[in-house]
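Student: Sharing a structure, written as structure tokens. Questions coming.
Protein chains in written order, with this note's numbering: chain E, 29 to 142; chain Z, 4 to 116.
Below, the structure is given as structure tokens:
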């Protein structure tokens with residue numbers, strides 16, 4: 029079945045440093061979504077990418093979707109302590125079956141030292 | 004206010020005692036789904052529903068049942084809970100067959116002893 033691998037599992041940065049998490053799928057995705065989960069909280073939707081090679085920005089966050097629609101990345105510029113949390117990618121398979129099955133990566137836990 | 008509401012939020016139960024975790028959304032979403040979250044494994048989809056009376060298995064459906072009799076409700080049923088079902092459970096909903104913003108509930112902590 030479809031697998032989505034996310035690396036790194038943990039990332040510790042000093043405030044002001046940049047951060048990147050990567051997501052790789054074993055199958056072609058129809059779209060990819062990114063979520064942030066604060067400690068003790070629930071996942072919160074950040075963005076969805078649909079087109080091959082798509083790049084979207086939200087303030088200090090930059091999201092990319094690979095040309096083959098099998099990988100994606102989230103880059104945070106100049107991290108702040110408010111960026112602390114776990115970042116997940118999730119994708120729907122591009123195949124015709126199991127249209128609503130959403131597979132998550134394992135997540136990257138980001139800690140930011142002030 | 005857009006909401007996905009789960010109950011109970013916390014539950015300790017014993018092996019074999021049937022339980023139901025309710026989920027309700029007020030956004031008229033067609034798509035609803037259940038996930039479990041375990042350390043190091045991320046979120047894994049248990050079941051999803053594309054609309055009323057339409058449900059399908061996710062990646063980890065064993066030991067769970069769901070029903071979708073009404074658009075707003077999507078209960079998760081554990082007929083005979085076992086300790087390996089101890090986990091944090093999230094319900095979620097979305098429009099556009101899941102291809103729009105997915106809203107998550109606050110989560111339900113379930114412990115099976």
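Backbone N, C-alpha and C fix where the C-beta goes; we use that ideal spot for every residue, glycine too.
Quantities reported herein were computed from a predicted structural model and do not represent experimental measurements.
So does the region 61–73 of chain Z actually touch the region 82–91 of chain E, counting three or more Cβ pairs closer than 8 Å?
Tutor: Verdict: no, contact absent.
Student: How many Å lie between residue 91 of chain Z and residue 70 of chain E at the Cα?
Tutor: Taking the straight line from one Cα to the other gives about 10 Å.
Student: Under a three-way DSSP split, which group does residue 88 of chain Z fall into?
Tutor: Helix.
Student: Take residue 39 of chain Z as the anchor and find which of E/49, E/126, E/142, E/132 has the nearest alpha-carbon.
Tutor: Taking only the C-alpha atoms, the option nearest residue 39 of chain Z is E/132.
Student: For a cutoff of 8 Å on Cβ pairs, would you count residue 61 of chain E as touching chain Z?
Tutor: At least one chain Z Cβ lies under 8 Å of residue 61 of chain E.
Student: Considering only C-alpha positions, which residue in the set E/43, E/32, E/51, E/126 is nearest to residue 141 of chain E?
Tutor: Nearest of E/43, E/32, E/51, E/126 to residue 141 of chain E, Cα basis: E/43.
Student: Spatial neighbours of residue 46 of chain E within its chain, please: C-beta separation below 8 Å, excluding the five flanking residues on both sides.
Tutor: Result list for residue 46 of chain E: 103, 104, 105, 106, 107, in chain order.
Student: Note down, one range per segment and in chain order, each beta strand (DSSP E) of at least 3 residues found wholly within the region 32–78 of chain E.
Tutor: Those beta strand (DSSP E) runs which fall completely within the region 32–78 of chain E and span 3+ residues are 32–35, 38–42, 47–53, 57–65, 72–77.
Student: Please go through the same chain and pick out, in chain order, the residues whose beta-carbon is closer than 7 Å to the beta-carbon of residue 54 of chain Z, but skip the five residues on each side of it.
Tutor: Excluding positions up to five away in sequence, the list reads 33.
Student: Could you check which residue in E/134, E/114, E/119, E/77 has the C-alpha nearest to that of residue 128 of chain E?
Tutor: The option with the nearest alpha carbon to residue 128 of chain E is E/119.
Student: Under 8 Å between C-beta atoms, does residue 70 of chain E make it to chain Z?
Tutor: Yes, residue 70 of chain E lies at the interface with chain Z (some Cβ there is under 8 Å from its Cβ).
Student: Return the residue from the list Z/113, Z/114, Z/106, Z/115 that minimises the CA-CA distance to residue 65 of chain E.
Tutor: It is Z/106.
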